[in-house]
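Residues 128 to 669, numbered by my numbering, are exactly what the sequence shown covers, in order.
All residues carry an ideal CB built from backbone N, CA and C; glycine is no exception.
These numbers come from a predicted model, not from an experiment.
What follows is a single structure, written as structure tokens, with notes after it.
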Amino acid sequence: MKNNHSRTKIFAIGVSIITSIYSLTSVAEPQFVHALNENNLLGLYRADQFQLNQGACKNCAITPQASWYFEQETIAIPLSNAHSFDPSLSAQEDVKQWVTSQPSATNAMPPLVWLGSPHVAVGKLSQDGKWLESDNSKTQLAITPKIESNQSYYNEASEQNFAGRNLVMRGTADKTHFTARSIWPLDYNLDLNQIPYKPLADQETIASLIRDQNGGASAPFSARILYKNPNLTSLQNKPVLSFVLNGAQGDDDEAHGGHFAVATGRFGAQGEWHDWLVNNFYNLGSVSEKGIIAASLPMDSYQSDLNSGQSWYRPSYMLVAVMKNERSATTYQSAINRVMQHFYRQDFLYRHAGVNCAGINLETLRSLDWSIPKLGATNLPKAFVALPYKALSDMSLESGLKAYDYLSAEQTNLYPFVAFETIGNDLLNRIAKNQANTAFEKQLAEDLEAIIYVHIPQFPSSRAMGQAPVASLDEYIARTPADMSQWKIIPVGARDFPDTLKDKNAPTEPVRPAYYGLIAWLVMLILTLLGMRKIFRKFRKS
């Protein structure tokens, strides 16, 4: 009996050792794929149309200007056709000439796609937030470090928010860990049969949806169908042209205007949309405290990068135009690729008063002959008066010029909120009703199958909760302290573009609008002085 007991004990120990070894092997088993895996998409493009590059790139199919911004980043570089733009033209003239001379289909590629990470992992976050689990294994999870200048970061609340949820992450894998750079919930996938068909009611507007619950930073993720073709039965593999509005930050008085971007891509088999390509224009002349760089990048990186992702510091809203054909989305993407090339070359500069995230995208859509309505300037007479008033009161000519620029700018180009609302209204009230006029509009109307409104909450973290963005200067003034010294402002450093990368033959930028106001005031001043001189001479003679 004693020998049998010993044998049983030895056998149990052996089983335990084998089980432990298997368990360790299972824990270490990678749960990731390469970011350019053949099954992955980048918007409307196949991943195998790109090559992965980490760090500075030499002898790549990329312009030196575009490469300069991403020397320390992981990017996807097109294998071909990455130089599709005309450097002798301005960005919008380039688009207009291209769209009239090209066939309906085009395969122009982005200058690059900012991936940020070489790997993609999918799994469920453990309840303690330390492991990424799948059916057969688990991988220890690490979080990419916070950028020093970032004001807040992932914390215990973030961990609790994602625990137990199926996630897709971009990051870097080794034998024992996966270091996440972005975290995206797969329960954001959209199933047509699960989305309520709920057109706008009599008292509802797109603006009221955005402003509901003060922007809904803490409200749950939700979606509703505002328009639907009766023949649409599934979203699987459907191409989209999507418009993204990001709200106001809760900790930055310079960021109440929000942000705007346009995305293209296809729904996945399970309603996935994390791999849509977002075209994000951002000031290249400054170094973002969150590490943001203007680029085309996957939706999950745009929204959920742990440092730069929009969902970490404000709520977001999306209007998804579901299409039966990808041609409209492809045309826009090819056009914006050209604009991004000009932007990286600094053929034109980012200006918050009009040539911004909203203005660049809307003017590109207008260049394609989508007649998105214009609302005009906020107040031209006030702009004219504000120029000398602000210049004298602030003892700064630039302050006066800036006031003129803001008050005289086209509102759909100035305010992301207004851009988003105007596009949504045009889709619902004109395009969906087949009241299109131009060739591009008729193409949109023919292909449009649904319009889906999506509300994306802010992820919990150490950052203050954001709110809906403002839609006017008056709203901005009401939201911020009257004394600008009391504003919460996050300082950023300048990013100086090397002179050696500038194209001296590039077209000059249009004259800044405020200079016309300044010239008008100078002319008035000169005429006034001449008139006073004439009166003074007459007075002396008399």
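According to DSSP, simplified to helix, strand and coil, what is residue i?
i: Lys365; result: coil
i: Asn406; result: strand
i: His469; result: helix
i: Arg664; result: helix
i: Glu573; result: helix
i: Lys251; result: strand
i: Lys558; result: The sequence shown places Ile at residue 558, not Lys. Ile558 falls in the helix class under three-state DSSP.
i: Thr299; result: strand
i: Lys257; result: coil
i: Asp553; result: helix
i: Asn488; result: helix
i: Gln267; result: strand
i: Gly342; result: helix
i: Asn166; result: coil
i: Pro191; result: helix
i: Pro425; result: strand
i: Ile202; result: strand
i: Arg493; result: helix
i: Gly392; result: strand
i: Trp614; result: coil
i: Ile499; result: coil
i: Val650; result: helix
Buried or exposed: which applies to residue i, given that a residue is buried once 16 or more other Cβ atoms fall within 10 Å of its Cβ?
i: His582; result: buried
i: Ile419; result: buried
i: Lys365; result: buried
i: Gly658; result: exposed
i: Arg660; result: exposed
i: Gly392; result: buried
i: Ser361; result: exposed
i: Asn277; result: buried
i: Ser535; result: buried
i: Trp614; result: exposed
i: Val247; result: buried
i: Lys517; result: buried
i: Glu453; result: buried
i: Asn631; result: It should be noted that the sequence gives Lys, not Asn, for residue 631. It counts as exposed.
i: Ile604; result: exposed
i: Val638; result: exposed
i: Val650; result: exposed
Are residue i and residue j close, meaning C-beta to C-beta below 8 Å?
i: Asn406; j: Ala388; result: yes
i: Ser455; j: Gln570; result: yes
i: Pro543; j: His386; result: yes
i: Gly342; j: Gln178; result: no
i: Tyr459; j: Leu368; result: yes
i: Ala350; j: Pro587; result: no
i: Tyr533; j: Leu514; result: no
i: Glu275; j: Gly256; result: no
i: Trp225; j: Ser428; result: no
i: Trp403; j: Ala422; result: no
i: Phe408; j: Gln363; result: no
i: Ala591; j: Asp378; result: yes
i: Pro640; j: Ser217; result: no
i: Leu252; j: Ala290; result: yes
i: Gln254; j: Ser438; result: no
i: Lys250; j: Pro596; result: Checking the sequence shown, residue 250 turns out to be Gly, not Lys. No, the pair does not count as a contact, with Cβ atoms beyond the cut-off.
i: Asn293; j: Asp314; result: yes
i: Ala572; j: Asn556; result: no
i: Gln181; j: Met236; result: no
Am I right that residue i and residue j are in contact with their C-beta atoms under 8 Å? What's the rounded C-beta distance?
i: Ser413; j: Gly620; result: 7 Å
i: Glu568; j: Ile579; result: Not quite, the Cβ-Cβ distance comes to about 20 Å (not below 8 Å), so this is no contact.
i: Lys417; j: Ser431; result: That belief does not hold up - the Cβ atoms of Lys417 and Ser431 are roughly 13 Å apart, past 8 Å.
i: Pro102; j: Ala209; result: Missing from the structure shown is residue 102; the chain here goes from 128 to 669 and no further.
i: Leu524; j: Gln473; result: Wrong, their Cβ atoms sit about 23 Å apart, outside the cutoff.
i: Gly374; j: Ser443; result: 7 Å
i: Trp258; j: Thr266; result: 7 Å
Give the single residue among the options whose Cα lies nearest to the Cα of residue i.
i: Ala577; options: Ala162, Leu353 and Gln219; result: Leu353
i: Asn483; options: Ser498, Met467, His304 and Trp497; result: Met467
i: Arg478; options: Tyr471, Ile487 and His161; result: Ile487
i: His469; options: Thr458, Tyr280, Thr491 and Ala334; result: Thr491
i: Leu575; options: Ser438, Ala448, Asp623 and Thr332; result: Ala448
i: Ala510; options: Gly658, Ala485 and Gly644; result: Gly644
i: Leu268; options: Arg664, Phe159 and Arg667; result: Phe159
i: Lys223; options: Arg465, Ser345, Lys615 and Thr332; result: Arg465
i: Thr549; options: Ala647, Ser498 and Pro312; result: Ser498
i: Phe212; options: Gly551, Ala504, Ala334 and Ala462; result: Ala462
i: Leu541; options: Ala518, Asp521 and Thr505; result: Thr505
i: Asp496; options: Leu554, Asn263 and Ala566; result: Ala566
i: Pro214; options: Thr190, Pro608 and Pro357; result: Thr190
Within the 8 Å Cβ cut-off, does residue i reach chain B?
i: Val447; result: Absent from the structure is chain B; it holds one protein chain and no more.
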